Amino acid sequence: MGTAAARRQVLEGQPCARGMAFGRARVLRPLHFEISEKTIGQRRIPAEVKRFERALADAQAEMERVRATLSGSLAAELGEILDAHAMLLDDPTFIDAVRQRIRDERVAAHTALKRERDRLMGEFAAIDDPYLRSRSEDFDQVIGRVVNALYSDLREPIDPASLAGEIIVADQVAPADLAHWYEHGVLGIVTAGGSPLSHVAILTRSMQLPMLCGVADAQSRVRDGDVLMLDAEGGRLVVHPDADDQADFEQWRKDHARDQQRLNRLRKAPTRTRDGSEIALWVNAERPEDVSLAHAAGAVGVGLYRTEFLFLQGNTLPDEDEQYEAYAAIVRAMQGRPVTIRTLDVGADKADRTGLALANEANPALGLRGVRLSLTRPDVFTTQIRAILRAAAHGPVRVLVPMVTNAAEIKAVRKLFKPARKALENAGVEIGERVELGAMIEVPAAAITIDSILAEAEFVSIGTNDLAQYLLATDRNNDSVSQLYDPAHPALAFLIERVVTAAGAASRRVAVCGEMAGDPLHIERLLHLGVRELSMHPGALLQARRRIGEITLA
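Using the numbering used here, the final residue of the sequence shown is 575, and nothing's skipped along the way.
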């Protein structure tokens, strides 16, 4: 062990899906970063455009082949992601932009793709919302597929069976590839980029496959075949682990197996504190597959269903029927448990390709986003309202309005609901009888003036992620100031308690739906502040239920 110990390295990263793994490395390097930029002559342009179009078709065909190999829960989980990627491959705005670069800049197809990728990545980097910013990976993965199709002769295809027992080390991983590899026994994922909000991170959590993100130098410091210990509990990758590391892993594996058995026994258990206080656990949902996880974990309902993906996956606005089908699928799947649909929460910034953007904003986080954008575009908002009302015919639905600053905004939203409901009723369209209207409390001014908002809203949900950012004037994704982002800050506790107390006095339900809600380190603090409803990622629910059972409030 002396040689291994001398070569031992520890690389740090961010846990995106918790767990540990011990195996050999398979290092995958992105082809589209390895090929140098290339200019072409005028006569070559038509042939290069056709070459690009053939690569698009090949990439689409490859995705369909992957889809055909998937089965069971993986096929269901990946369906929407593959659909979104297929739409991007068929997006005329993207395709025309690449064609235009080939013609105007006289460059090879891969160079045009790389330059268009760089432009898109710059636009996404300017988005404040971390969830929406993480969608940049979809574009990156799609462009990578097209480049791989352009140069398929330069790289031998990976035999998925050869990945059994290995840990993937890559710049990033496409969801379709991940599912394929998972079925063939991959043990874990390490990426240079990515975030806990990416599609891949969400999938790895549902697969219970450990993943470490943000290990920037892993591809340069890890070689194929190196023995690795992936510690996505402690946020580290150990290269050439020693005997002590192996012992730690074996102990974790035994402890984890026992822990999973105990957690599984909590699936049907009530959620209450040690001294008997009932706590309602909701789930945050992004896609239909989250619903099956919600049912399995015993959630009371969906506390936050994001609708932004419908507006960002194409280059046109989703129509009423498209939105209705998406919302109704979630409502039906919840089988009578309430679904809280958050209305569009996207800033009118450059990454919006659907025509909603009214201007390029220097600071979209403080600009026209959430309810502000919706009220500026009542035509778009009314379409969403009509779709929600129709979906409510299939089960209980609540509407959550984001980025509320004052009571007047809730009043304005309610005014739009009335004519939308009447028009649907007059047309004989089936709609829900009652749809509650709630406010997202994520602006400090809303928390301070909560009494007036509660006079208009039927429930409120505290979004601690943005509330903390705005309150502390800190971007938690900016490494220079992220140390100032403190969920335990007394000022944040003061505002949470203020909202909870006011909601209780007004007989209104209040939940917390930020990352704090699913973090065992913060749950006790929230309960002592009076919070009795928490909404979180489905994978965090059983851990939260166990933590709540250990807490005494009296």
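The beta carbon of each residue, even a glycine, is placed where N, CA and C say it ideally should be.
Predicted model only: the values in this text are computed from it and were never measured.
Checklist entry - In angstroms, rounded to a whole number, what distance separates the CA positions of serine 298 and leucine 331? => result Rounded to the nearest angstrom, the two C-alpha atoms are 38 angstroms apart.
Next on the checklist: According to DSSP, is aspartate 252 part of a helix, a strand, or is it coil?
Outcome noted: Annotated three-state conformation of aspartate 252 is strand, per DSSP.
Next on the checklist: Let me check one thing: in DSSP terms, what residues is cysteine 234 bridge-paired to?
Outcome noted: According to DSSP, which records beta bridges pairwise, cysteine 234 is partnered with Gln35.
Checklist entry - Which class does serine 482 belong to by DSSP, given the choice of helix, strand or coil? => result Three-state DSSP puts serine 482 in a strand.
Item to check | Cβ distance (whole Å) where arginine 392 is taken to contact methionine 355 below 8 angstroms | outcome: A quick correction: the sequence has valine, not arginine, at residue 392. 25 angstroms between Cβ atoms; not a contact.
Next on the checklist: What would DSSP say about glutamine 267, mapped onto helix, strand or coil?
Outcome noted: Helix at glutamine 267.
Item to check | CB of tyrosine 203 within 9 angstroms of CB of leucine 171, strictly | outcome: No.
Item to check | Those residues which DSSP pairs with arginine 419 across a bridge | outcome: Beta bridge pairing from DSSP links arginine 419 with Thr361 and Glu457.
Checklist entry - With burial defined as no fewer than 16 other Cβ atoms inside 10 Å of the residue's Cβ, what is the status of arginine 28: buried or exposed? => result Here arginine 28 is exposed: its Cβ has fewer than 16 other Cβ atoms, across all protein chains shown, within 10 Å.
Checklist entry - Of the choices Thr573, Gly560 and Phe115, whose alpha-carbon is the least far from that of threonine 337? => result Across the set Thr573, Gly560 and Phe115, the C-alpha of Phe115 shows the shortest separation from the C-alpha of threonine 337.
Next on the checklist: I need the boundaries of the beta strand (DSSP E) containing arginine 65, first residue and last residue.
Outcome noted: From DSSP, arginine 65 is part of no beta strand (DSSP E); its letter is neither H nor E.
Next on the checklist: What does the alpha-carbon distance come out to for the pair glutamine 35 and methionine 250?
Outcome noted: For glutamine 35 and methionine 250, the gap between their C-alpha atoms comes out near 15 angstroms.
Checklist entry - leucine 134: which of Met461, Val168 and Arg358 sits nearest, CA to CA? => result Of Met461, Val168 and Arg358, the smallest CA-CA separation from leucine 134 is found for Val168.
Checklist entry - Assuming glycine 416 and valine 360 make a contact with CB atoms under 8 angstroms, what is their CB distance in whole Å? => result Right, the Cβ-Cβ distance comes to about 7 angstroms (below 8 angstroms), so this counts as a contact.
Item to check | Among Pro196, Gly246 and Pro511, nearest to methionine 228 - alpha-carbon criterion | outcome: Out of Pro196, Gly246 and Pro511, Pro196 has the C-alpha closest to the C-alpha of methionine 228.
Checklist entry - In terms of residue numbering, what span does the alpha helix (DSSP H) encompassing alanine 433 cover? => result In this chain, the alpha helix (DSSP H) harbouring alanine 433 covers 428-447.
Checklist entry - From this set, Glu158, Gly44, Ser482 and Leu410, which residue's C-alpha is nearest alanine 467's C-alpha? => result In terms of CA proximity to alanine 467, Ser482 leads the group Glu158, Gly44, Ser482 and Leu410.
Checklist entry - Straight-line CA distance for phenylalanine 402 to glycine 214? => result The straight-line gap from Cα to Cα measures roughly 34 angstroms.
Item to check | alanine 533, DSSP secondary structure in three states | outcome: Residue identity differs from the one stated: residue 533 is valine in this sequence, not alanine. Reduced to three states, the DSSP call for valine 533 is strand.
Item to check | Contact with chain B by proline 399, beta-carbon distance below 9 angstroms | outcome: The displayed structure is made up of one protein chain only, and chain B is not part of it.
Checklist entry - For leucine 562, which residues from the same chain have a beta carbon less than 7 angstroms from its beta carbon, with the 5 sequence-adjacent residues on both sides left out? => result Cβ neighbours of leucine 562 within its own chain (closer than 7 angstroms, five residues either side excluded): Leu302, Val304, Ala318 and Ala320.
Checklist entry - Going by C-alpha distance, which of Glu477, Cys234 and Arg124 is nearest serine 528? => result Ranking Glu477, Cys234 and Arg124 by Cα distance to serine 528 puts Glu477 first.
Next on the checklist: Assess contact between the region 268-280 and the region 40-48, defined as three or more Cβ pairs (one per stretch) separated by less than 8 angstroms. Is contact present?
Outcome noted: Three or more Cβ pairs closer than 8 angstroms define a contact, and the region 268-280 meets that threshold against the region 40-48.
Checklist entry - How is the beta strand (DSSP E) around serine 556 delimited, first residue to last? => result According to the DSSP assignment, serine 556 belongs to the beta strand (DSSP E) that extends over 554-557.
Next on the checklist: Give the list of continuous alpha helix (DSSP H) stretches no shorter than 4 residues that lie fully inside the region 269-306.
Outcome noted: Qualifying alpha helix (DSSP H) stretches: none in this window.
Checklist entry - Which residue from Ile188, Val128 and Ser157 puts its Cα closest to that of leucine 142? => result It is worth fixing the name first, because residue 142 is methionine in this sequence and not leucine. When Ile188, Val128 and Ser157 are compared, the shortest CA-CA separation from methionine 142 is found for Ser157.
Item to check | Whole-angstrom C-beta distance between alanine 239 and glycine 206, which should lie under 8 angstroms | outcome: The C-beta separation of glycine 206 from alanine 239 comes to about 21 angstroms, leaving the pair out of contact by the 8 angstroms criterion.
Next on the checklist: Quick check on DSSP: helix, strand or coil for glutamine 162?
Outcome noted: Glutamine 162 falls in the helix class under three-state DSSP.
Checklist entry - If you compare alpha carbons, which of Val367, Cys534 and Glu187 is closest to alanine 386? => result Closest option to alanine 386, Cα to Cα, is Val367.
Checklist entry - In three-state terms, what does DSSP make of arginine 47? => result DSSP places arginine 47 in strand when its eight states are reduced to three.
Checklist entry - CB-CB under 7 angstroms to aspartate 496, same chain, minus the five flanking residues each way: which ones, in chain order? => result Cβ within range, chain order: Gln490 and Val502.
Checklist entry - What is the C-beta distance between glutamine 162 and histidine 106, in whole angstroms, given that I count them as a contact (C-beta under 8 angstroms)? => result With a Cβ gap of about 7 angstroms, glutamine 162 and histidine 106 count as contacting.
Next on the checklist: Please classify isoleucine 579 as buried or exposed, where buried requires at least 16 other C-beta atoms within 10 Å of its C-beta.
Outcome noted: The displayed coordinates of the chain run from 22 to 575. Any statement about residue 579 would go beyond what the structure contains.
Item to check | alanine 412 versus arginine 353 - alpha carbon distance | outcome: Rounded to whole angstroms, alanine 412 to arginine 353 spans 9 angstroms at the Cα level.
Checklist entry - Buried or exposed: arginine 50, going by 16 or more other Cβ atoms within 10 Å of its Cβ? => result By the 16-neighbour rule on beta-carbons within 10 angstroms, arginine 50 is exposed.
Next on the checklist: Suppose you measure from the CA of isoleucine 61 to the CA of alanine 512; what does that come to, to the nearest Å?
Outcome noted: Looking at the two C-alpha atoms, the distance is approximately 59 angstroms.
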